[in-house]
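In the order they appear, the protein sequences are chains A and B. If you're matching positions, the first sequence starts at 129 in the numbering used here and goes up one per residue. If you're matching positions, the second sequence starts at 129 in the numbering used here and goes up one per residue. We treat Cβ as the ideally placed atom computed from N, Cα and C, and that holds for glycine. Everything numeric in this text was worked out from a predicted model, so none of it was measured. Okay, so here's the structure we're looking at.
Number of protein chains: 2
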Amino acid sequence: MFKEACLLVDIHVLRINHRPFRDKRITTHVALTARAFGAKDILVDLKDEDLEQIVNKVTENFGGDFHIRTGINYRSYLRSFKGVKIHLTMYGLPVDTVIGELRERLATNEFAIVVGASKVPIDVYNESSYNISITNQPISEVSALALFLDRLLAGKEMELEFKGKLSIIPSGKGKKVKVNGNIT
Amino acid sequence: MFKEACLLVDIHVLRINHRPFRDKRITTHVALTARAFGAKDILVDLKDEDLEQIVNKVTENFGGDFHIRTGINYRSYLRSFKGVKIHLTMYGLPVDTVIGELRERLATNEFAIVVGASKVPIDVYNESSYNISITNQPISEVSALALFLDRLLAGKEMELEFKGKLSIIPSGKGKKVKVNGNIT
Numbered sequence: 129m130f131k132e133a134c135l136l137v138d139i140h141v142l143r144i145n146h147r148p149f150r151d152k153r154i155t156t157h158v159a160l161t162a163r164a165f166g167a168k169d170i171l172v173d174l175k176d177e178d179l180e181q182i183v184n185k186v187t188e189n190f191g192g193d194f195h196i197r198t199g200i201n202y203r204s205y206l207r208s209f210k211g212v213k214i215h216l217t218m219y220g221l222p223v224d225t226v227i228g229e230l231r232e233r234l235a236t237n238e239f240a241i242v243v244g245a246s247k248v249p250i251d252v253y254n255e256s257s258y259n260i261s262i263t264n265q266p267i268s269e270v271s272a273l274a275l276f277l278d279r280l281l282a283g284k285e286m287e288l289e290f291k292g293k294l295s296i297i298p299s300g301k302g303k304k305v306k307v308n309g310n311i312t
Numbered sequence: 129m130f131k132e133a134c135l136l137v138d139i140h141v142l143r144i145n146h147r148p149f150r151d152k153r154i155t156t157h158v159a160l161t162a163r164a165f166g167a168k169d170i171l172v173d174l175k176d177e178d179l180e181q182i183v184n185k186v187t188e189n190f191g192g193d194f195h196i197r198t199g200i201n202y203r204s205y206l207r208s209f210k211g212v213k214i215h216l217t218m219y220g221l222p223v224d225t226v227i228g229e230l231r232e233r234l235a236t237n238e239f240a241i242v243v244g245a246s247k248v249p250i251d252v253y254n255e256s257s258y259n260i261s262i263t264n265q266p267i268s269e270v271s272a273l274a275l276f277l278d279r280l281l282a283g284k285e286m287e288l289e290f291k292g293k294l295s296i297i298p299s300g301k302g303k304k305v306k307v308n309g310n311i312t
């Protein structure tokens, strides 16, 4: 069991080429997946205060020490990042061929995971320590991120506990929610 | 190794409450994830010819025996479906607690996996054989579907082979694509 929503690893998700109008919902799904699957934060290149509010509201309600920052210069972030840089792309190496090596490196390194919205510039491929694919088919950056984090953490993200105002009581039928400790 | 994009299982994905304007991109990501992770088809409740074209274009280019149908009455589909009906919801039972049982049932049953866009009516919870969650946190139907199929197929979806006009040659840097058998 982990501390409240805190794995002993440092994983950052970097969302690049975010276009506030076109990508808000997909980037929201990327952010929520990052939060629930054990990342510390999501950094988004374009400033988007709506997106910050949406994601912060979920964290406020459901708990966890997760942060969002938008308006990040991703090129200088990546250049100065000292840990392992992973770019998720359908063109990359199959995740299962490198995951053992990555799990070992996770013990002593921070990870930055890059997921692009529209076309990713070639310098990101070159700057990344690994270009990794999930299935080598066109899928979705949302499912790619989920699968990658699940493989990296060997499923342990499923044991994360979040302590927020709201929590779900798992149920075979219907919805059971605890609000400030009281079952609704 | 599997036959070309064909697992020996019958999995259908049912997307409900799709709103063509608001949900087109998310539903596209759901469909592409379904295709790459071994489902036979995606059935969408509202008619959306744009969506059909987008998804069919990917299948035409990248291969696989995957189909999309939109304008489906999901209530009558679910009522008459004779196999195992799974509804993915953050309120459901944790996937890892039921996955062994589901893998056994997959050997002899078709599966329909329901993913909602907006609020899912309570009759879907009642009609489903299982209501299942991935993390019991708000994530995304895209990542929920990917994780669920990966668990159900025990990672074997990563070995699927698709034969299309285009195929990716996995690469540590850059992009290598085969177009009609020729490397670009």
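With residue i and residue j assumed to form a contact (beta carbons below 8 Å), what rounded beta-carbon distance in angstroms separates them?
{"i": "S268 (chain B)", "j": "L294 (chain A)", "result": "Between L294 (chain A) and S268 (chain B) the Cβ distance is about 18 Å, and since that is not below 8 Å, they are no contact."}
{"i": "V186 (chain B)", "j": "P266 (chain A)", "result": "6 Å"}
{"i": "R153 (chain A)", "j": "R153 (chain B)", "result": "7 Å"}
{"i": "E285 (chain A)", "j": "F165 (chain A)", "result": "5 Å"}
What three-state label does DSSP hand residue i in the structure shown?
{"i": "T225 (chain A)", "result": "helix"}
{"i": "G239 (chain B)", "result": "Position check: residue 239 (chain B) holds Phe in this sequence, whereas Gly was assumed. F239 (chain B) falls in the strand class under three-state DSSP."}
{"i": "R207 (chain B)", "result": "helix"}
{"i": "V137 (chain B)", "result": "coil"}
{"i": "T156 (chain A)", "result": "helix"}
{"i": "T312 (chain A)", "result": "coil"}
{"i": "K213 (chain B)", "result": "strand"}
{"i": "K303 (chain A)", "result": "coil"}
{"i": "I182 (chain B)", "result": "helix"}
{"i": "L234 (chain B)", "result": "helix"}
{"i": "D169 (chain A)", "result": "strand"}
{"i": "R150 (chain A)", "result": "helix"}
{"i": "L142 (chain A)", "result": "strand"}
{"i": "R197 (chain A)", "result": "strand"}
Between the alpha carbons of residue i and residue j, how many angstroms are there, rounded?
{"i": "L275 (chain B)", "j": "K301 (chain A)", "result": "21 Å"}
{"i": "T156 (chain A)", "j": "V307 (chain B)", "result": "34 Å"}
{"i": "L277 (chain B)", "j": "I214 (chain B)", "result": "11 Å"}
{"i": "K175 (chain A)", "j": "R231 (chain B)", "result": "44 Å"}
{"i": "P298 (chain B)", "j": "V212 (chain B)", "result": "35 Å"}
{"i": "D169 (chain B)", "j": "N310 (chain A)", "result": "41 Å"}
{"i": "N145 (chain A)", "j": "V172 (chain A)", "result": "8 Å"}
{"i": "P222 (chain B)", "j": "A272 (chain B)", "result": "11 Å"}
{"i": "I200 (chain B)", "j": "A282 (chain B)", "result": "30 Å"}
{"i": "I296 (chain B)", "j": "Y219 (chain A)", "result": "6 Å"}
{"i": "E287 (chain B)", "j": "T263 (chain A)", "result": "8 Å"}
{"i": "A167 (chain A)", "j": "A235 (chain B)", "result": "35 Å"}
{"i": "G192 (chain A)", "j": "F190 (chain B)", "result": "39 Å"}
{"i": "M129 (chain A)", "j": "S261 (chain A)", "result": "Because M129 (chain A) sits at a pLDDT of 43, beneath the cut-off of 50, its placement in the model cannot be relied upon, and the following sentence gives the value as read from the coordinates. Answer to the nearest angstrom: the Cα atoms are 29 Å apart."}
{"i": "R147 (chain B)", "j": "K210 (chain A)", "result": "43 Å"}
{"i": "V248 (chain B)", "j": "K304 (chain A)", "result": "15 Å"}
{"i": "G244 (chain B)", "j": "R150 (chain B)", "result": "13 Å"}
{"i": "R233 (chain B)", "j": "D178 (chain A)", "result": "44 Å"}
{"i": "L216 (chain A)", "j": "S246 (chain A)", "result": "13 Å"}
{"i": "R318 (chain B)", "j": "E180 (chain B)", "result": "Summary: the structure shown does not reach residue 318 (chain B), with chain B confined to residues 129 through 312, and so no result is reported for it."}
{"i": "T228 (chain B)", "j": "N259 (chain B)", "result": "Before going further, note that residue 228 (chain B) is Gly rather than Thr in the sequence given. Each residue's Cα considered, the two are about 15 Å apart."}
{"i": "E108 (chain A)", "j": "A162 (chain A)", "result": "Here chain A has residues from 129 to 312 only, and residue 108 (chain A) is not among them."}
{"i": "D251 (chain A)", "j": "D251 (chain B)", "result": "50 Å"}
{"i": "L142 (chain B)", "j": "V158 (chain B)", "result": "10 Å"}
{"i": "N184 (chain B)", "j": "E289 (chain B)", "result": "18 Å"}
{"i": "V226 (chain B)", "j": "T312 (chain B)", "result": "45 Å"}
{"i": "I182 (chain A)", "j": "G292 (chain A)", "result": "16 Å"}
{"i": "D224 (chain A)", "j": "Y202 (chain B)", "result": "36 Å"}
Continuous alpha helix (DSSP H) assignments of at least 4 residues falling wholly in the region 240-280 of chain A: With a minimum length of 4 residues, the continuous alpha helix (DSSP H) runs that stay inside the region 240-280 of chain A are 250-255, 269-280.
The region 192-208 of chain B in contact with the region 241-258 of chain B per 3-pair CB rule at 8 Å: Contact between the region 192-208 of chain B and the region 241-258 of chain B is established, with three or more Cβ pairs separated by less than 8 Å.
Cβ pair count under 8 Å reaching 3, the region 135-150 of chain B against the region 227-246 of chain B: A contact exists between the region 135-150 of chain B and the region 227-246 of chain B.
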